[in-house]
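Single-structure report; data block below.
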Amino acid sequence: MLSVVPESADIAAAADAPDMADVALQTFALSLRYGRRQALSAVDLAVPRRRITALIGPSGSGKSSLLRCLNRLNDEIADAHVEGRVLVGDIDAYAKDTLLHDLRRRVGMVFQRPNPFPLSIHDNVAYGLRLLGIRRRRELDERIEAALQAAALWDEVAARLDESAFHLSLGQQQRLVIARAIAVEPEILMLDEPASALDPAATLRFEELLHELAQRYTLLLVTHNMQQAARVSDFTAFLHQGRLVEFGDTDALFTNPRERQTEDFITGRYG
Amino acid sequence: MDRLHLSQHISRQFNSEIEDVRRQVLAMGGLVEEQIAAALHVLVGRDAAASAAIRERERRVNAAEVAIDEQCAYILARRQPAASDLRLVLAVMKMLSDLERIGDEAKRIAKMAEKLVGEESGAEVTASLAELGSLARGMLRGALDAFARLDEQLALEVMRRDRHIDETYRSLFVVLVARMQQQPEQIPTELDRLWCARSLERIGDRCKNLCEFVLYLVRGKDVRHSGLAKSDAPPAL
Numbered sequence: 003m004l005s006v007v008p009e010s011a012d013i014a015a016a017a018d019a020p021d022m023a024d025v026a027l028q029t030f031a032l033s034l035r036y037g038r039r040q041a042l043s044a045v046d047l048a049v050p051r052r053r054i055t056a057l058i059g060p061s062g063s064g065k066s067s068l069l070r071c072l073n074r075l076n077d078e079i080a081d082a083h084v085e086g087r088v089l090v091g092d093i094d095a096y097a098k099d100t101l102l103h104d105l106r107r108r109v110g111m112v113f114q115r116p117n118p119f120p121l122s123i124h125d126n127v128a129y130g131l132r133l134l135g136i137r138r139r140r141e142l143d144e145r146i147e148a149a150l151q152a153a154a155l156w157d158e159v160a161a162r163l164d165e166s167a168f169h170l171s172l173g174q175q176q177r178l179v180i181a182r183a184i185a186v187e188p189e190i191l192m193l194d195e196p197a198s199a200l201d202p203a204a205t206l207r208f209e210e211l212l213h214e215l216a217q218r219y220t221l222l223l224v225t226h227n228m229q230q231a232a233r234v235s236d237f238t239a240f241l242h243q244g245r246l247v248e249f250g251d252t253d254a255l256f257t258n259p260r261e262r263q264t265e266d267f268i269t270g271r272y273g
Numbered sequence: 023m024d025r026l027h028l029s030q031h032i033s034r035q036f037n038s039e040i041e042d043v044r045r046q047v048l049a050m051g052g053l054v055e056e057q058i059a060a061a062l063h064v065l066v067g068r069d070a071a072a073s074a075a076i077r078e079r080e081r082r083v084n085a086a087e088v089a090i091d092e093q094c095a096y097i098l099a100r101r102q103p104a105a106s107d108l109r110l111v112l113a114v115m116k117m118l119s120d121l122e123r124i125g126d127e128a129k130r131i132a133k134m135a136e137k138l139v140g141e142e143s144g145a146e147v148t149a150s151l152a153e154l155g156s157l158a159r160g161m162l163r164g165a166l167d168a169f170a171r172l173d174e175q176l177a178l179e180v181m182r183r184d185r186h187i188d189e190t191y192r193s194l195f196v197v198l199v200a201r202m203q204q205q206p207e208q209i210p211t212e213l214d215r216l217w218c219a220r221s222l223e224r225i226g227d228r229c230k231n232l233c234e235f236v237l238y239l240v241r242g243k244d245v246r247h248s249g250l251a252k253s254d255a256p257p258a259l
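From first to last, the protein sequence lines stand for chains A and B.
Residue numbering for the first sequence follows this note's numbering, beginning at 3 and increasing consecutively.
Residue numbering for the second sequence follows this note's numbering, beginning at 23 and increasing consecutively.
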């Protein structure tokens, strides 16, 4: 098995690294080009299971590109070229026999702006379940309720499941999108700037929800908000110009980062 | 010197807040050093006139402690500092209380020394007290320099000097106890001297704490209770 700690890391880094038996997702020398532009360079990242890992870095550092590699969203882009390996559990994401819909069920995604489908609240959550072949009304309803409960939205929508999802507030829509993602029981939930459209109180409630979700799911969170990364994550990965500069325990990274580049970024110094 | 790049934030306002805190700590340290010098002037120079100035300076030291503490709280609330910025604020908040207590020790020395001005202490004891005083003052200056320059080698060197103070204090203790046994009527006076010596020894301990916070600031590692000063000692010359 390949080394899972970035090459430049020292012994302290190995101590920070999660127990490898409990890695939900792992990349090996993952590189990505869009045409001639190198978006990611040889990223080795191990994402701990049922923990919140934050991806931080300046704009263009490759955070969103990395997420898009993990569930192969880049497949839709003609000139995207991926090298290296991505293991989701023991599934090789880019292997020929890996089914795309199966990979995307395992690796759910929540975007910056809530993107509910133009359907009822109920049908938004039912959407993925129906794709999985679940048709029986009772089972559907049970799983929809469970997902909405887990997304901390059930109490607010239980009486109006047939209303359009667009009637919900932004914060509720974002929780609905999470309910939709977790209804199909993913292994990993990726969130790309999920709270940036929310007001401060909704953001705090949303962060609380992330903590609860991390009891059952592995969360990978891209955020521009350093304080948010510091508040909610267990581990933090810092990317810069497509490279993984530093990965470690969030407490350690925010009090005593090993790399000067990380220090400059999290303290707002000239990079 | 800016080894931690403390003045390279994108926000110039933040740079000046950080710089201001450092400058204020050094100014407060300077006041505390003056307190020690004045206390020694009463104790060794037998000049009670310095006492009034000490009480006045004490008020300035206390005011500085409160002002810097407040500034640190503002930085925590408004800037949410991380990494070396966070360590600077945390280190300063802890250093403040040690600095303030060094000032208290100096005031205590001056108070007891006032009573001793008319008493003959003998050349040996006077020399020992003077040596203790000069060691304590030197440690404080060293600790402040180490903080100003973020110089971990200097911090380690100052921490090692504490042993010298401890030894000098122990020898003086033996001498003073012997004198108390020989002349029981002198016990109150000798006790005052002993308390002065004890205060100087405590100043050494507090300077060692200051250096530990400098090391925490520079290295990002808490070295308290770790025997670090010993293990990092360079080979004997």
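Backbone N, C-alpha and C define an ideal beta-carbon position, used for all residues, glycine too.
None of the values given here were measured: they were computed from a predicted structure.
Should A:N126 be flagged as near chain B, meaning a C-beta pair shorter than 7 angstroms? Taking Cβ atoms only, chain B never reaches closer than 7 angstroms to A:N126, which makes this a no.
Below 8 angstroms on the Cβ atoms is my contact criterion, and I expect A:E248 with A:T264 to pass it. Report the Cβ-Cβ distance as a whole number of Å. About 5 angstroms separates the CB atoms of A:E248 and A:T264; that is less than 8 angstroms, so the two are in contact.
Terminal residues of the beta strand (DSSP E) in which B:R215 lies: Run containing B:R215: none in the beta strand (DSSP E); it sits in the alpha helix (DSSP H), I209 to R241.
Less than 7 angstroms between the C-beta atoms of A:L172 and A:I123, yes or no? No, these two residues do not count as a Cβ contact at 7 angstroms.
Cβ of A:A95 within 7 angstroms of Cβ of A:L105? Yes. Within cutoff.
Nearest to B:V114 (by Cα), restricted to the options B:R100, B:S38, B:F169 and B:E212: With distances taken between Cα atoms, B:V114 lies closest to B:F169.
Hey, does A:G135 have any beta-carbon neighbour from chain B nearer than 7 angstroms? For A:G135, not one C-beta of chain B is nearer than 7 angstroms to its own C-beta.
Using a C-beta to C-beta distance shorter than 9 angstroms, which residues of chain B count as neighbours of A:Q243? By Cβ distance, chain B contributes nothing, its closest Cβ being about 18 angstroms from A:Q243, past 9 angstroms.
Based on DSSP bridge pairs, tell me the residues matched to A:G110. A:G110 has A:L191 as its beta-bridge partners, per DSSP.
Tell me which residue opens and which closes the beta strand (DSSP E) that A:G130 is part of. Looking at the DSSP string, A:G130 is not in any beta strand (DSSP E); the run it does join, the alpha helix (DSSP H), is I123 to L133.
For A:S198, does the three-state DSSP call read helix, strand or coil? It is coil, neither helix nor strand.
When burial is assigned at 16 or more other CB atoms within 10 Å of the CB, is B:E122 buried or exposed? A residue is called buried when at least 16 other Cβ atoms come within 10 angstroms of its Cβ; B:E122 meets this threshold and is buried.
Select from the segment 247-269 of chain A all residues with a C-beta closer than 7 angstroms to any C-beta belonging to chain B, and list them in chain order. Cβ contacts with chain B come from F256, T257, N258, P259, E265, I268 and T269.
Quick test of your reading: B:E189 and B:M202, contact by CB under 8 angstroms. State the CB separation rounded to the nearest angstrom. So it is not a contact: roughly 21 angstroms between Cβ atoms.
Residues of chain A with CB under 7 angstroms from B:D107, in chain order? Simply T269.
Does the beta-carbon distance from A:T220 to A:A48 come in below 7 angstroms? One thing to note: A:T220 has its Cβ no nearer than 7 angstroms to the Cβ of A:A48.
Which of the three DSSP states, helix, strand or coil, is assigned to A:G250? Strand, per DSSP.
Could you name the residues of the segment 220-233 of chain A whose beta carbon sits closer than 8 angstroms to any beta carbon of chain B, in the order they occur along the chain? Legend: CB atoms of the segment 220-233 of chain A lying less than 8 angstroms from CB atoms of chain B belong to residues M228, Q229 and A232.
Between which two residues does the beta strand (DSSP E) containing B:G144 stretch? Looking at the DSSP string, B:G144 is not in any beta strand (DSSP E), and its letter there is neither H nor E.
Distance check for A:R245 and A:E214, CA to CA, integer angstroms please. Approximately 30 angstroms, taken between the alpha carbons.
In three-state DSSP terms, what is A:F119? The three-state reading of DSSP puts A:F119 in coil, since its state is none of H, G, I, E or B.
In this structure, what does DSSP give as the bridge partners for B:I97? In DSSP, B:I97 forms no bridge with anything.
Locate the beta strand (DSSP E) running through A:S43, then write down its first and last residues. Per DSSP, A:S43 belongs to the beta strand (DSSP E) from R39 to P50.
Segment limits, alpha helix (DSSP H) that includes B:Y191: DSSP places B:Y191 in the uninterrupted alpha helix (DSSP H) bounded by E174 to Q204.
B:G125 in three-state terms, based on DSSP: Looking at B:G125 - three-state DSSP - the assignment turns out to be helix.
Tell me A:L34's beta-bridge partners as DSSP assigns them. BP columns for A:L34 point to A:L42 and A:V84.
Quick one: measure Cβ to Cβ for B:I263 and B:L138, integer angstroms, because I've assumed they're closer than 8 angstroms. In the structure as shown, chain B begins at 23 and stops at 259. Residue 263 of chain B is therefore absent and cannot be evaluated.
N- and C-terminal bounds of the beta strand (DSSP E) containing B:H63: Segment R34 to L65 is the alpha helix (DSSP H) holding B:H63; no beta strand (DSSP E) there.
Give the DSSP bridge partners of A:H242, in chain order. Partner(s): A:R245.
Return yes when the Cβ of B:A158 is within less than 7 angstroms of the Cβ of B:G226, no when it is not. Contact: yes.
Name, please, each residue of chain A whose Cβ falls closer than 7 angstroms to the Cβ of B:S33. Below the 7 angstroms Cβ cutoff, chain A contributes G270 as neighbours of B:S33, in chain order.
Excluding sequence positions up to five away, which residues of its chain have a Cβ less than 6 angstroms from the Cβ of B:K288? With chain B represented from 23 up to 259, any question about residue 288 of chain B goes unanswered, as that position is not in the structure.
Indicate the three-state DSSP secondary structure (helix, strand or coil) for A:A15 in the structure shown. Here A:A15 scores only 44 on pLDDT, less than 50, and its place in the model should not be relied on; the value that follows carries that caveat. Of the three classes helix, strand and coil, the one that applies to A:A15 here is helix, per DSSP.
Listing by chain order, which chain A residues have their CB less than 8 angstroms from the CB of B:A104? In chain order: M228, A232, F256, T257, I268 and T269.
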